[in-house]
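What follows is a set of notes on a single structure, which appears directly below.
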């Protein structure tokens, strides 16, 4: 039985120098984005979690790794996050987990879901206010026309 390769994305805390990228690429083949703040790697492992741990073990001391994620979602549409927390954050999480009576994974999963929902709600509220401000000075037909023109000019704009 062969082990699969897992596509992992590495987010860095700062851009890499060409020398740092060259040194790291000697340990594991990497592809960098244009400003060397994100890298892609294929890692041979039984599971995405093992692949992320293996990658962090091999490159974590060499690079300023912030977050490692699976590049493709799993069958449930989820992406694995591998984050190395500083000791103080680890202690705070352990304390919160003890109070919540949950496993660390479940606690972090629910905390992240709440934060993402809060962000989505705040973004929707911000957009509602902005549209309301625009509609105070124009008609909805003119606003829709302008929005259509803007979207056709910037097809690479942030998509949901």
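Residue numbers (this note's numbering): 760 to 919.
Beta carbons: idealized from backbone N, C-alpha and C, even for Gly.
Open item on the list: How far does the beta strand (DSSP E) with residue 887 in it extend, from its first residue to its last?
Closed with: The residue you call residue 887 lines up with position 128 of the chain shown. Per DSSP, residue 887 belongs to no beta strand (DSSP E); it is in the alpha helix (DSSP H), 863-894.
Open item on the list: Assuming residue 779 is part of the alpha helix (DSSP H), what are its boundary residues?
Closed with: Walking along the chain shown from the start, residue 779 turns up at place 20. Taken as a continuous stretch (DSSP letters only), the alpha helix (DSSP H) holding residue 779 covers 777-786.
TODO: For residue 875, I'd like the list of residues in its chain whose CB is within less than 7 Å of its CB, leaving aside the five on either flank, ordered along the chain.
DONE: By one-based count along the chain shown, residue 875 stands at place 116. None.
TODO: Give the DSSP-derived three-state secondary structure of residue 773 in the structure shown.
DONE: Counted from its first residue, the chain shown places residue 773 at position 14. For residue 773, the secondary structure class from DSSP, reduced to helix, strand or coil, is coil.
Open item on the list: Please return the same chain residues whose Cβ sits closer than 7 Å to the Cβ of residue 880, not counting the five positions on each side in sequence.
Closed with: Sequence index remark: in the chain shown, residue 880 carries index 121 (1-based). Nothing listed; no residue qualifies.
Open item on the list: Using C-beta distances below 6 Å, list every residue in its chain close to residue 803, excluding the 5 sequence neighbours before and after it, in chain order.
Closed with: Within the chain shown, the letter at position 44 stands for residue 803. Here the set comprises 762 and 764.
Task: Inter-residue Cα distance where the pair is residue 825 and residue 769 - done: Position 66 of the chain shown, counted from the first residue, corresponds to residue 825. Position 10 of the chain shown, counted from the first residue, corresponds to residue 769. Take the alpha-carbon of residue 825 and the one of residue 769: they are about 7 Å apart.
Open item on the list: Using only the alpha-carbon positions, how far apart do residue 777 and residue 793 sit?
Closed with: Locating residue 777 in the chain shown gives position 18, counting from the first residue. Locating residue 793 in the chain shown gives position 34, counting from the first residue. Cα-Cα distance, rounded: 12 Å.
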